[in-house]
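Report on one structure; see the data block that follows.
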Amino acid sequence: MRSHLLNGLTAEHYRRSVTEGVERVAAKLATTDRPFTGVTVDALSPAIDAIDLDRPLGDTTAVLDELEDVYLRDAVYFHHPRYLAHLNCPVVIPAVLAEAVLSAVNSSLDTWDQSAGGTLIERKLIDWTAARIGLGPAADGVFTSGGTQSNLQALLLAREEAKSDSLAKLRIFASEVSHFSVKKSAKLLGLGPDAVVVIPVDHDKRMQTVALARELERCAREGLVPMAVVATAGTTDFGSIDPLPEIAGLCAQYGVWMHVDAAYGCGLLASLKYRDRIDGIERADSVTVDYHKSFFQPVSSSAVLVRDAATLRHATYHAEYLNPRRMVQERIPNQVDKSLQTTRRFDALKLWLTLRTMGADGIGQLFDEVCDLAREGWELLAADPRYDVVVEPSLSTLVFRYIPAAVTDPAEIDRANLYARKALFASGDAVVAGTKVAGRHYLKFTLLNPETKADDIAAVLDLIAGHAEQYLGESLDRAS
0 MRSHLLNGLT AEHYRRSVTE GVERVAAKLA TTDRPFTGVT VDALSPAIDA IDLDRPLGDT
60 TAVLDELEDV YLRDAVYFHH PRYLAHLNCP VVIPAVLAEA VLSAVNSSLD TWDQSAGGTL
120 IERKLIDWTA ARIGLGPAAD GVFTSGGTQS NLQALLLARE EAKSDSLAKL RIFASEVSHF
180 SVKKSAKLLG LGPDAVVVIP VDHDKRMQTV ALARELERCA REGLVPMAVV ATAGTTDFGS
240 IDPLPEIAGL CAQYGVWMHV DAAYGCGLLA SLKYRDRIDG IERADSVTVD YHKSFFQPVS
300 SSAVLVRDAA TLRHATYHAE YLNPRRMVQE RIPNQVDKSL QTTRRFDALK LWLTLRTMGA
360 DGIGQLFDEV CDLAREGWEL LAADPRYDVV VEPSLSTLVF RYIPAAVTDP AEIDRANLYA
420 RKALFASGDA VVAGTKVAGR HYLKFTLLNP ETKADDIAAV LDLIAGHAEQ YLGESLDRAS
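Now the structure itself:
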């Protein structure tokens, strides 16, 4: 079994095995003609259930043959131009190369004596991102597993900085379309069920600052403690961007921690055309960024940034076996000192190789392309009498609803849209997402693939309409 351990004696075996796996994936990418096969849970489960994990195949080729049947054939391929569903981006080659390197070397980014250069590379990237945001010379941060963890850590710091003698008094303010992780974080942080104050949004799905000011004033009047305002730069459902300058002004007025959840909108940090859409982000106390959404990085690649590095002390614990206090005086950089995680992958290498190969402008150009595409898609939807589109895109998301000419019952229209989404997924021809707006079912395109064209959007809209019309026709037949 030692022949399977990666070391100097098995380097050639490693090279052959990885090459064979890469060739399989490359062949799949080259021949995949739709984002999904349409396989069902019931069809795929028996093949996986039948595998006896206590009886290994022992041969890489045989294992890859099996993997073809249980994964590669039926995977959902985000690189396909008609994958239009969730915040999953196609990935750039330098980042995939980095995955191979970081997995093989297997550095753990918790302490200097496990990562050395990896520690310094991650710190350099944090400094680079903080500078792009404009947080100032005292800024710092750390890579995380994703936006949920980043938001949790930011709100942990905000809770500690609030210095309240009662958790029950703390309040977090977030818009009604903010990410669910805000409420989840409040619960994990031991806050009460009323801790998150939901602020209504305007027609463009942006936080209403008048309502925010009113709630901040109410909390102050009632002796409650405003802990944090979460402004979203790129909501999951709509890609909307809250009015950051106005929110920053209110946070300064009331002495409240300002957190910007830019998990989606962080791509604008590299944008050549639309950077001004997140003006005001530089006034935040903390910022969430997900490079694996709009920097075209593989999952996972995220970070939380803070204006004042000293606030990261709230996540610091010292263990004698790992990061004893004396290391601080010795100026030994241990990333675990500012992370919620201990063992942690060298995910920063993916962004490092990407920047060193493509540059920030290369990333920004790709993100600008999908923002431009969203504008084209919005114009198509706005001109199409079959559809109702909710808001003009701020980033690359379109939310819309099929509206049949001859049906007026909202519940029946809901069912037609739900059916169309499911039927489209089952066909494998395209993948779209869904959400609710004012209690009604809508469909959603999240455009993150520069290879997607307006023609793809038009074709998918025709497919959706066809499925919806089929459902409505069958519904009428059943009713007659």
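Numbering (numbering that gives the first Met the number 0), first residue to last: 0 to 479. In this text, a Cβ means the ideal position worked out from N, Cα and C, and glycines have one as well. For clarity, every value in this text was computed on a predicted model and none was experimentally measured.
Where residue i and residue j are concerned, what is the direct C-alpha to C-alpha distance, given to the nearest angstrom?
i	j	result
S479	R400	The pLDDT assigned to S479 is 48, lower than 50, so where the model puts this residue is not dependable, and the model offers no usable value.
P89	N448	6 Å
A382	A457	11 Å
S393	G233	8 Å
A261	R420	28 Å
F142	A373	29 Å
R213	I362	40 Å
L63	F444	33 Å
R330	I132	27 Å
V38	A84	17 Å
V255	L211	12 Å
A10	M0	15 Å
F179	A97	31 Å
K168	L243	25 Å
T110	T315	13 Å
A46	D68	8 Å
N515	T353	As displayed, the chain neither begins before 0 nor continues past 479, which places residue 515 out of reach and without an answer.
Y386	F424	19 Å
G57	S2	11 Å
R72	D275	42 Å
H79	I92	15 Å
S338	A247	26 Å
I463	P403	12 Å
G465	R54	47 Å
Sorted by chain position, which residues of the same chain lie with C-beta nearer than 7 Å to residue i's C-beta, five sequence neighbours on each side aside?
i	result
L188	L154, L155 and R158
V436	V389 and V398
Y76	T31, P34 and Y82
S184	N150, L151 and L154
T341	D109 and V335
E121	L108, F142, Q334 and A347
L365	F295 and P449
If residue i and residue j are in contact, beta carbons under 8 Å, what's the gap, nearest whole angstrom?
i	j	result
I171	V224	Rounded, the Cβ-Cβ distance is 10 Å, inconsistent with contact.
L348	V24	Not a contact, Cβ separation roughly 20 Å.
V288	I280	Not quite, the Cβ-Cβ distance comes to about 10 Å (not below 8 Å), so this is no contact.
I240	R282	Actually they are not in contact, since the Cβ atoms of I240 and R282 sit about 14 Å apart, beyond 8 Å.
V369	L446	5 Å
T396	G238	3 Å
V195	A173	6 Å
I50	A302	Actually they are not in contact, since the Cβ atoms of I50 and A302 sit about 37 Å apart, beyond 8 Å.
In chain order, what residues of the same chain have a beta carbon less than 6 Å from the beta carbon of residue i, not counting five sequence neighbours either side?
i	result
R324	H317
V197	E175
Y441	V398, R400 and T434
Y82	P34 and V430
S16	T59
K162	none
F345	L101, S106, L108 and G117
L190	L166 and L169
Y290	Q296, S300 and L350
S426	G37
S506	For the chain, the structure presents residues 0 to 479; residue 506 sits outside this window and is missing.
Y480	This structure gives no information on residue 480, because the portion of the chain shown stretches from 0 to 479.
L5	Y13
Leaving aside the five residues before and after residue i along the sequence, list all residues of the same chain whose C-beta is less than 8 Å from its C-beta, in chain order.
i	result
S202	This sequence places His at residue 202; Ser is not what is there. Closer than 8 Å at Cβ, skipping near neighbours: V390.
V406	I412, A415 and L471
Practice task
Specify whether the region 260 to 275 and the region 425 to 444 touch according to this definition: at least 3 beta carbon pairs, one from each stretch, less than 8 Å apart.
Solution key: no
Handout entry: Stretch-stretch touch, CB-based, cutoff 8 Å, three pairs: the region 441 to 458 with the region 377 to 397
Key = yes
Practice task
Write down every uninterrupted run of the beta strand (DSSP E) in the region 219 to 297 whose length is 3 residues or greater and which is fully enclosed by it, in chain order.
Solution key: 224 to 231, 256 to 261 and 285 to 289
Problem - beta strand (DSSP E) runs wholly inside the region 158 to 189, at least 3 long, in chain order - result: 169 to 174
Practice task
State whether the region 304 to 311 contacts the region 124 to 138, with contact taken as three or more CB pairs (one from each stretch) at a distance under 8 Å.
Solution key: yes
Exercise for the section: Return the chain-ordered ranges of every beta strand (DSSP E) run that is complete within the region 435 to 472 and spans a minimum of 3 residues. Expected result: 439 to 445
Exercise for the section: Pick out the complete alpha helix (DSSP H) segments inside the region 319 to 356, 4 residues or longer, and give them in chain order. Expected result: 325 to 328 and 347 to 356
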